[in-house]
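Engineer: Sequential numbering of the sequence shown, starting at 27, is according to this note's numbering. Think of the CB as a built atom: it goes at the ideal place given N, C-alpha and C, for glycine as much as any other residue.
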Amino acid sequence: MTKINNLISAEEIVSMIENNNSLGWEHLYDRYSPMMYGAILKLTSNEKLAEEILTESFLQLKKNISLLKNRKPLYLQLLQHTYTTAAAIIKNKIIIPHEENEVAEMFPLVNGLMQRQLSLSNIAAMHGMTEVEVKLNLHKEVKQMRNKNRNDFKLYAVL
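1. What number of angstroms, rounded off, separates the C-alpha of residue 165 from the C-alpha of residue 157?
2. Output the distance between the C-alpha atoms of residue 149 and residue 34, rounded to the nearest integer angstrom.
3. Can you grab the Cα-Cα spacing for the pair residue 173 / residue 160, in whole Å?
4. Counting Cβ pairs, one atom from each stretch, are 3 or more of them under 8 Å apart for the stretch 104 to 113 and the stretch 71 to 82?
5. Which residue marks the beginning of the alpha helix (DSSP H) containing residue 83, and which one marks its end?
6. Could you have a look at residue 108 and say whether DSSP puts it in helix, strand or coil?
7. Whole angstroms is fine: what's the gap from residue 84's alpha carbon to residue 155's?
8. Taking DSSP as the reference, what is the three-state secondary structure of residue 34?
9. Hey, would you say residue 40 sits closer than 8 Å to residue 75, going by beta carbons?
10. Just the Cα atoms here: how many angstroms apart are residue 162 and residue 115?
11. Does the Cβ-Cβ distance between residue 58 and residue 104 come in under 8 Å?
12. Exposed or buried, which one is residue 45 when buried takes at least 16 other CB atoms within 10 Å?
13. How would you call residue 43, buried or exposed, if buried means at least 16 neighbouring beta carbons within 10 angstroms?
14. Within its chain, find whatever has a CB closer than 8 Å to the CB of residue 91; leave out the 5 residues flanking it on each side and keep chain order.
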């Protein structure tokens with residue numbers, strides 16, 4: 027891709043995109059992707075993941091051009107959008123250490139709440155349950171964890 031002239035304003039770039047002019051996307055990418063990529067690298071040091079997040083950010087912009095139509099300066103809108111996209115992707119890519127995989131498989135609801143920090147409604151949707159069923163099953167999982175680890179935990183009274 028050739029270097030784009032920086033004399034084109036942000037408003038003109040958005041206007042070009044709204045008019046289905048592919049040069050608008052080239053201008054947007056050339057001018058703002060380094061800033062967006064740098065912001066992503068502050069959230070994760072994984073360059074492959076950062077590239078994936080940058081790509082996803084632009085794909086979401088392409089699907090929802092209205093994200094570019096705001097009274098805020100374009101660079102602030104893009105940073106906010108990039109941060110939101112990055113946070114969602116990073117949250118879903120949390121890697122559980124190998125020794126904890128067994129616990130995650132045995133107690134998927136507790137894992138969803140504690141490790142992945144999902145909401146009850148998200149867990150319910152993922153497991154095809156109602157929120158009430160999730161709460162009941164969470165209670166069962168916690169009881170199982172307590173019983174499984176009863177011998178591992180010894181409580182001592184401090185006198």
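Structural biologist: According to the structure data:
1. 12 Å
2. 46 Å
3. 20 Å
4. yes
5. 73 to 89
6. helix
7. 33 Å
8. coil
9. no
10. 29 Å
11. yes
12. exposed
13. buried
14. 43 and 44
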